[in-house]
Each structure stands twice: as C-alpha cells, then as structure tokens.
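Have a look at the structure below before the remarks.
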Amino acid sequence: MSHRELDDMLGKGWRKPHFIKRTWLRWLLLFGFAAYMVAAVMTIEVDWGRVYEGLDRGWQFVLSFTRPDFISRWSDIWSGLLESIVMTVAASVVGILISIPIGLGAARNIAPLPVYVICRGIVAISRALQEIIVAILLVAIFGFGPLAGFLTLSFATIGFLSKLLAEDIEAMDRVQAEAIRASGARWMQWINYGVQPQVMPRLVGLSMYRIDINFRESAILGLVGAGGIGATLNTAFDRYEYDTAAAILILIIGIVMALEYLSGIIRARVQ
Amino acid sequence: MPVLEREGTQVWRRRTTGESMVRWFGWLIGVAVFVVCWQQISQSTTWFFVWDAPRIAGDIWTRATPPRWEYISKLGRPIWDTLNIATLGTLIALCMAVPVAFLAARNTTPSALFIRPVALLIIVSTRSINSLIWALLLIAIIGPGVFAGVVAIAIRSIGFCAKLLYEAIEEIDHTQVEAITATGASRWQVMAYGIVPQILPAFAGIAVFRWDINIRESTVLGLVGAGGIGLQLSSSLNVLAWPQVSLILLVILAAVVISEWVSAKVRGAII
Numbered sequence: 214m215s216h217r218e219l220d221d222m223l224g225k226g227w228r229k230p231h232f233i234k235r236t237w238l239r240w241l242l243l244f245g246f247a248a249y250m251v252a253a254v255m256t257i258e259v260d261w262g263r264v265y266e267g268l269d270r271g272w273q274f275v276l277s278f279t280r281p282d283f284i285s286r287w288s289d290i291w292s293g294l295l296e297s298i299v300m301t302v303a304a305s306v307v308g309i310l311i312s313i314p315i316g317l318g319a320a321r322n323i324a325p326l327p328v329y330v331i332c333r334g335i336v337a338i339s340r341a342l343q344e345i346i347v348a349i350l351l352v353a354i355f356g357f358g359p360l361a362g363f364l365t366l367s368f369a370t371i372g373f374l375s376k377l378l379a380e381d382i383e384a385m386d387r388v389q390a391e392a393i394r395a396s397g398a399r400w401m402q403w404i405n406y407g408v409q410p411q412v413m414p415r416l417v418g419l420s421m422y423r424i425d426i427n428f429r430e431s432a433i434l435g436l437v438g439a440g441g442i443g444a445t446l447n448t449a450f451d452r453y454e455y456d457t458a459a460a461i462l463i464l465i466i467g468i469v470m471a472l473e474y475l476s477g478i479i480r481a482r483v484q
Numbered sequence: 012m013p014v015l016e017r018e019g020t021q022v023w024r025r026r027t028t029g030e031s032m033v034r035w036f037g038w039l040i041g042v043a044v045f046v047v048c049w050q051q052i053s054q055s056t057t058w059f060f061v062w063d064a065p066r067i068a069g070d071i072w073t074r075a076t077p078p079r080w081e082y083i084s085k086l087g088r089p090i091w092d093t094l095n096i097a098t099l100g101t102l103i104a105l106c107m108a109v110p111v112a113f114l115a116a117r118n119t120t121p122s123a124l125f126i127r128p129v130a131l132l133i134i135v136s137t138r139s140i141n142s143l144i145w146a147l148l149l150i151a152i153i154g155p156g157v158f159a160g161v162v163a164i165a166i167r168s169i170g171f172c173a174k175l176l177y178e179a180i181e182e183i184d185h186t187q188v189e190a191i192t193a194t195g196a197s198r199w200q201v202m203a204y205g206i207v208p209q210i211l212p213a214f215a216g217i218a219v220f221r222w223d224i225n226i227r228e229s230t231v232l233g234l235v236g237a238g239g240i241g242l243q244l245s246s247s248l249n250v251l252a253w254p255q256v257s258l259i260l261l262v263i264l265a266a267v268v269i270s271e272w273v274s275a276k277v278r279g280a281i282i
C-alpha cells in the first residue's frame, strides 16, 4: 500500500474488506443467486398439509431410536449385515489390488503416455458413474445377489483409489527414486524400494477410508437388488416398522464409527 | 540393520526374521478372510446367470443403442428439479453445519464435555447414512416429491460440511484471534473478525465441493421417489425402455462432468 493510499485512509473508519473484491462481480453474483433462489423455490411444490401430517410419523421414528427392536427381525438383519460386510471386504481387497497397477499407470512421472491415457480413462469412467447406477446395470446383467454389489464396489474403489494414488505418486520426491535407479535397480525394484515406501502411508490411509465408504455404500446397494442390508432396511421402511429400521441404522452408524476409530489408529501407526 | 548371513558375507535385508514372520501371518489371515468372503458371495450367486452375462450384456447394448434423442424434451423439468435439490439441499445443509461446526471445534465449543460430543454425534450419524436412505425415510414421513429430496440431501450434507469446517476452525491461526480479543472485542466480534475471515476460503471450497457431490447424489434420488431425473430413470427401467435409459444415463453423465468442471473452476478461483 502506497503512502498516498495510507494518507487517504487516515481519519476514516475501517471497514471489513469484501470477500469478492470486484464490485460488479459481487453484485452480479448476488443478483443471479437471488433470482435463482426465487425461481427454484417457486418451482418446488410442497404439500404442507402432507408434511404436517407426516411430522407425527417423523416424531414416532425419532422416538423409535430410544427403543430399537433388534430381536424380532434379528435373523434378517444378521444375514443382511453379514452380506454387507462380506461384500465390503471382498470388494475392498479386489478393488485395492486392481487400483494399485492402475494408479501406477495413471501417474505421469512413471508411466509412458499411452499407458497413462488408458489408465486415466479407466479412472474417469469409474468416477463419473454413480455406484447405484452401476449396480442397476450389473444387476440387470448378472442377476440379483451380492456378486453385483461386489463388482459395483470394486469398480467404484478403482476410480477413487487409483486417482488419489496417482496424485500422490506424482507429488513424490524424485530424488529417492532416482537414487534407487542409480544403484542399477530393475523396474520392479525401483517401484518397490524407490516409490512404494513414499506412498505407502497414504495408500494405507486411503484404503482404510475406502473400506469405510464401501461399507456405507453397501448399505444402499440392496435397494436395487445388489445384496446387503439395504433390502432389509427398505422392507422395514415399507412396513413402517420403525423400531427395526432404527436398529439397522444404529448398527450401521456403530460399524462406521468403529471403522473410523480403527482407521484412525492404523493411520497413526503407519505415519 | 537386519542382515542375512550367506557364505560368510552379510547381505542387506529390509526386515528382521521376526518382522517378516509377523507380516507373513498377517497376509495369511487376510487371504483366509478374503477366501471365506468370496465363498459366501459365490454361494449366493446363480453362476448360470454369470456365464450367460456376456450375451445378456450384448443384448442390453443392442436394445439401448441408439438412445431415443427426442425423449430429451421431457427431461428439462427433471434436470431443473435435480439442480434445485442439490443447490437448495447444500444451502440448507450449510446453514445447519456452521453452528454444529462451531460447537464441535475444540477451540470454539462452549463446553468440551457436554456439547462437543453431541455435535460430534450429529456429524457422525448424518454422515454415515447415505442420502438414499434418508430419502426413503423422508418419503415415508413427508411424502414423495422434490421436497423430500431437498431435505434428504440437506441432512446427509450436514455431517460432511460440519466435519470439514470444524477441522478448518481447529487449524486457524490463534494469534489473530488473540489480537482481536486484546482490542476488547466481545465473543461475537471475535468470531466475526478473528475466526470467520480465516475460515471463509475453506468454507467456500467446502460448499462448492459438496454441491458437486450433491449433484451426483440427487441424480439417483428419484429411484426411491424423491424427485429429479432419477424418477424418469426408474420409470424407464421399470418399463424396460432401454433407449430412454441410455439417454438418461448420458444426461446424468454430462451433468456430473459439468458440475465437476464448475466446482474445480470455482475452487481454483478461491484457493
């Protein structure tokens, strides 16, 4: 800030600088936003009578969390939950194993250009397609059951993990990798001793995070027939058995919390 | 340094014998778990359908191509609804996430013993349940429609936004807060001039990031009846109108790519 500007400011009260500095842009954004809001709210039809009637049922649901019913549908809950866990474990293992080579291929500083383009293409496709849409297509192709869910989760894991792994490899320290290469290492040894130790902590952390996501996703795949707890949950909602639904939701939340805690411990150990 | 004695010379190794034994056992257990899981999946799979899958996939492909382009005239309103679900849901979520985040951050919470755990519980429970499940629940409570979708997206996003935001609040520079406090500012003034300017860029980034995710999620909310383009997808799937399905999938793909592009641009401009 120059002397003149400082002199001009003397004797005037200080005002907070705006977040967006250009005045016309700020007003344009503000007006555009207001116009959009009006249009959006106008086009949403809300049947307030129906909402008011539903509040009672909503309150029932909230209350059912205080008395979840684990017992009367326990065999359904247990088989659904087991299927979800099985799908999560199998899909995470396969997904992680496949995403490592694809992640290596999608890192520009390791892979030659053709490999890079192919691997990036796989990552882009996998990331752009929603899990639930993939599940619908795979159920249509492979039939109902956990195999479709397993394939869906593996496919989604590849996109997520390969992209982040590739970004991590691209950001690694070149010096270490070059030192290994200078000692006359073959390609595999170079990856194993020069690249892998640098990205391993992050890979483990991301894998744990992905297991967590896979479990949460496996809870909804049942809605389209791809196995897991989702089918049981959907039935419970359809039959207005809120106690059972609350029990399932509590189990899901509990498992997710346990997984997060576990992944926190593992990540702290690895790093 | 772990070494291996061989013909009187010492050869460098990466791990000691004990370490490699532990690792070996870890791998063994992991492989065993995976095999058990795979068997479970395999048992509940009709393998005939799987061997038949390439033919079915080819069949669906021939049915789905070419997409029925003229159907796009009916998709305008659903796309608008999808956009509204994502945007309004994100806005509502942000309004609710801000107080939760301030209550959950260690340096701003009024009581670390009582209020912080409650805030953390809100974050975990809203985050670990997928928006489709929230939508299912809300449809049972307030009836099907766009409004249920908006509320489902809003609830699902609270946890995500609040978690990222409270981590940002915990990482702020404390000297600035102290400087504002030293001028005799009240608690709210410290908040407005010491803390908010520091987290505003993070806040904007989180908002856009979550909006991008919400566009993806709101495209499939219609599958359970919560409005948006998913409703068209589900009805087309139900009548096996594959040319319409392929067109809707293309539209969803385009929406996802565009929203990701917008979000990347905006985040690039902010940070």
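Top line first, the protein sequences correspond to chains R and S.
214 is the number of the first residue of the first sequence in the numbering used here; add one for each residue after it.
12 is the number of the first residue of the second sequence in the numbering used here; add one for each residue after it.
The beta-carbon is built from N, C-alpha and C at its ideal position, and this holds for glycine as well.
Please read all numbers here as calculations on a predicted model, not as lab measurements.
Practice task
Grab me the residues of Gln187 (chain S)'s own chain with a C-beta within less than 6 Å of its C-beta, minus the 5 sequence neighbours each way, in chain order.
Solution key: Gly205
Handout entry: Near-chain R residues of the segment 19-53 of chain S (beta-carbon distance less than 7 Å), N- to C-terminal order
Key = Val44, Phe45, Cys48, Trp49, Gln51 and Ile52
Exercise for the section: Name the residue from R:His231, R:Glu218 and R:Trp287 whose alpha carbon lies nearest to the alpha carbon of Thr457 (chain R). Expected result: R:Trp287
Practice task
Can you have a look at Thr235 (chain S) and say buried or exposed, based on whether 16 or more other CB atoms are within 10 angstroms of its CB?
Solution key: Sequence check: residue 235 (chain S) is Val here, not Thr. Val235 (chain S) comes out buried.
Exercise for the section: Find the residues of chain S that neighbour Val483 (chain R), judging by a C-beta separation of less than 9 Å, and give them in chain order. Expected result: Within chain S, no residue comes near Val483 (chain R); the closest Cβ sits about 13 Å away, beyond 9 Å.
Exercise for the section: Using beta-carbon positions only, say whether Ala341 (chain R) and Val268 (chain S) come within less than 9 Å of one another. Expected result: yes
Exercise for the section: Spell out a yes or no on whether the segment 94-103 of chain S and the segment 189-209 of chain S are touching, meaning 3 or more CB-CB pairs, one atom from each, closer than 8 Å. Expected result: no
Exercise for the section: Could you spell out the range, first to last residue, of the alpha helix (DSSP H) harbouring Glu296 (chain R)? Expected result: Trp287 to Gly318
Handout entry: Whole alpha helix (DSSP H) elements within the segment 426-457 of chain R, 4-residue minimum
Key = 443-451
Practice task
Go ahead and label Ile442 (chain R) buried or exposed: buried means 16 or more other beta carbons lie within 10 angstroms of its beta carbon, across all protein chains shown.
Solution key: buried
Practice task
Go ahead and pull the three-state DSSP assignment for Glu258 (chain R).
Solution key: coil
Handout entry: N- and C-terminal bounds of the alpha helix (DSSP H) containing Thr20 (chain S)
Key = Not the alpha helix (DSSP H): Thr20 (chain S) falls in the beta strand (DSSP E), residues Thr20 to Trp23.
Practice task
Per DSSP, which residues does Arg17 (chain S) bridge with? Please list them.
Solution key: S:Thr20
Problem - Gln402 (chain R) burial status per 10 Å Cβ neighbour count (16 or more: buried) - result: exposed
Exercise for the section: Specify, as a first and last residue, the run of the alpha helix (DSSP H) that Ser7 (chain S) falls within. Expected result: As displayed, chain S neither begins before 12 nor continues past 282, which places residue 7 (chain S) out of reach and without an answer.
Practice task
Quick one: using the 10 Å Cβ neighbour count with 16 as the cut-off for buried, is Arg138 (chain S) buried or exposed?
Solution key: buried
Handout entry: chain R within 9 Å of Tyr82 (chain S), Cβ atoms only
Key = no
Exercise for the section: Determine the direct distance from the alpha carbon of Gly69 (chain S) to that of Val22 (chain S), and round the result to whole angstroms. Expected result: 56 Å
Practice task
Please go through the segment 332-414 of chain R and give each complete alpha helix (DSSP H) segment of 4 or more residues, from N-terminal end onward.
Solution key: 344-355, 359-383 and 387-395
Handout entry: Within-9 Å CB hit, Leu5 (chain S) to chain R
Key = The structure shown does not extend to residue 5 (chain S), since chain S is modelled only from 12 through 282, so no value can be given for it.
Exercise for the section: Output yes if chain R places a C-beta closer than 9 Å to the C-beta of Trp91 (chain S); else output no. Expected result: yes
Practice task
Rank R:Thr448, R:Leu416, R:Ile426 and R:Ala459 by C-alpha distance to the C-alpha of Ala471 (chain R) and give the top, closest one.
Solution key: R:Ile426
Practice task
Report all residues from its chain with a CB closer than 8 Å to the CB of Val157 (chain S); omit the five preceding and five following residues, and keep chain order.
Solution key: Asp92, Asn95, Ile96, Ala237, Gly238 and Gly239
Practice task
Alpha carbon to alpha carbon, how far is Gly279 (chain S) from Gly226 (chain R)? Give it in angstroms, no decimals.
Solution key: 33 Å
Handout entry: Rounded straight-line distance, which links the Cα of Gly154 (chain S) to that of Val264 (chain R)
Key = 7 Å
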